[in-house]
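J.: Mind having a look at this structure? Questions to follow.
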Amino acid sequence: MSAWDSRRRPDPAGGASPSDPTAMFRSLCRSSPWKWQSLRFEYWDEPFDAAPAPGASLVRAWLRRPGALRLESPEGLVLHSTTGINDSRDGLYVSSTRKSWLLPPHLVSPVYGAAGLVKRRPEAAYGEPGFGNGRFSAALDPVELAGNSPAPLEFPGSNPVQVEDVRTVDHEGRSALETVVAPTPAYQPWDPAAPLCLAGRSLVRVDLGTGVCVASRSLEHTTEGYGHWLRILGVDEYMLDDLFLAESMNLTDVRRHISWDVPA
């Protein structure tokens, strides 16, 4: 039995989950854009059985939707920060592209199903900021594991992935749904070069509170080193614009002594 299996536990909702755990998992994968606006977390671009190994390479991240991202090394070195979070678009861009008219997801209403999770996603300006590879962005909004809406009953094979053995588990002190998935021919990852799951079977976890894919791990022998791990540290914390700027332009560091040059 793997370490992931040993940490499984009963549903903390006391049986309040929908009767179809597979449908609940897919709805949770569609729900991230409406479950949070800011997230503070640690990210490892490699899989683990139970918890990250000491010394494993990680980045610390602050993300505020839409599009604001700051990444630091464990030593506090800034690796990446967005600098154009308030950039405007000129008239040519607005008039020539259809996407420019789409609203951010949190400003449009999806169709909700059981347990307040999203059954059908509306058209919106989706997309999370990324770093390194597309799996970072896909983990923050794992809709690629479910599709924007349920597959028609007459075409069950059009689901992006097959889902089996959905369980509620503990992940870094938070409740998550864990399941084994296998991609179908209908699977279309956000980044084809870095999908959340490779061909064959993969073990994934999606956080119940945020809809973020907090862990993935390939179960195939030839790709057993493929996956990721994410530890959520804070949800919907207030984040100033200065956090995402390369150089602070707004705030004064009150810890510094301000000298006044007085003419003789």
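For the record, in the sequence shown the residue sitting at position 108 is 108 according to UniProt numbering, with numbers rising by one throughout.
Quick reminder that beta carbons are idealized off the backbone N, C-alpha and C, glycines included.
In this text, all values refer to a predicted model and were calculated from it rather than measured experimentally.
#1: Closest to residue 138 by C-alpha separation, out of 154, 115 and 216, would be which residue?
#2: So who's on the other strand from residue 38, going by DSSP bridges?
#3: Going by DSSP, which residues form a beta bridge with residue 120?
#4: Going by CA-CA distance only, name the one from 125, 112 and 121 that's closest to residue 101.
#5: Is it buried or exposed, residue 211, if we count other Cβ atoms within 10 angstroms and call 16 or more buried?
#6: Does the stretch 194-202 touch the stretch 168-175, meaning 3 or more C-beta pairs lie closer than 8 Å?
#7: In terms of alpha-carbon separation, which member of 188, 155 and 203 lies closest to residue 163?
#8: Please state if the CB of residue 47 and the CB of residue 260 are separated by a distance shorter than 8 Å.
#9: Say whether the stretch 142-160 touches the stretch 117-134, bearing in mind that this needs 3 or more beta-carbon pairs closer than 8 Å, one atom from each stretch.
#10: Quick one: Cα of residue 81 to Cα of residue 62, how far?
#11: With a 10 Å radius around its C-beta and 16 neighbouring C-beta atoms as the bar for buried, classify residue 238 as buried or exposed.
#12: Which residues in the same chain have their Cβ closer than 8 Å to the Cβ of residue 219, if we skip the five residues on either side of it in sequence?
#13: Which residues mark the beginning and the end of the alpha helix (DSSP H) in which residue 27 is found?
#14: Using only alpha-carbon positions, find the residue among 112, 190, 192 and 53 that is nearest to residue 34.
#15: What residue does the beta strand (DSSP E) around residue 234 start on, and which one ends it?
T.: Reading it off the structure:
#1: On the sequence shown, residue 138 is found 138 positions in, with the first residue counted as 1. Answer by Cα proximity: 216.
#2: Along the sequence shown, one-based indexing puts residue 38 at 38. Answer is 64, bridged to residue 38.
#3: For the purposes of this step, residue 120 is taken as residue 120 along the sequence shown, with counting starting at 1. DSSP lists 111 as partners of residue 120.
#4: Locating residue 101 in the sequence shown gives position 101, counting from the first residue. The shortest Cα separation from residue 101 among 125, 112 and 121 belongs to 125.
#5: Mapped onto the sequence shown, residue 211 falls at position 211. Buried, because 16 or more other Cβ atoms sit within 10 Å of the Cβ of residue 211.
#6: With a cut-off of 8 Å, the stretch 194-202 and the stretch 168-175 do not count as touching, because too few Cβ pairs lie within range.
#7: For this step, residue 163 is matched to residue 163 along the sequence shown. Per the Cα distances, 203.
#8: Start at 1 with the first residue of the sequence shown, and residue 260 comes out as number 260. Start at 1 with the first residue of the sequence shown, and residue 47 comes out as number 47. In this structure, residue 47 does not lie closer than 8 Å to residue 260 by Cβ.
#9: Touching, per the Cβ criterion.
#10: The residue labelled residue 81 in the question sits at position 81 within the sequence shown. The residue labelled residue 62 in the question sits at position 62 within the sequence shown. Rounded to whole angstroms, the separation of the alpha carbons of residue 62 and residue 81 is 9 Å.
#11: Working through the sequence shown from its first residue, we reach residue 238 at position 238. So residue 238 counts as exposed.
#12: In the sequence shown, the residue the question calls residue 219 occupies position 219. If you ignore the 5 residues before and after residue 219, its C-beta comes within less than 8 Å of the C-beta of 180, 200, 201, 202 and 203, all in its own chain and listed in chain order.
#13: Residue numbering aside, residue 27 sits at position 27 when the sequence shown is read from its first letter. Per DSSP, residue 27 belongs to the alpha helix (DSSP H) from 21-30.
#14: Within the sequence shown, residue 34 is the residue found at index 34, counting from 1. The option with the nearest alpha carbon to residue 34 is 112.
#15: Taking the first residue of the sequence shown as 1, we reach residue 234 at position 234. 227-235 is the extent of the beta strand (DSSP E) around residue 234.
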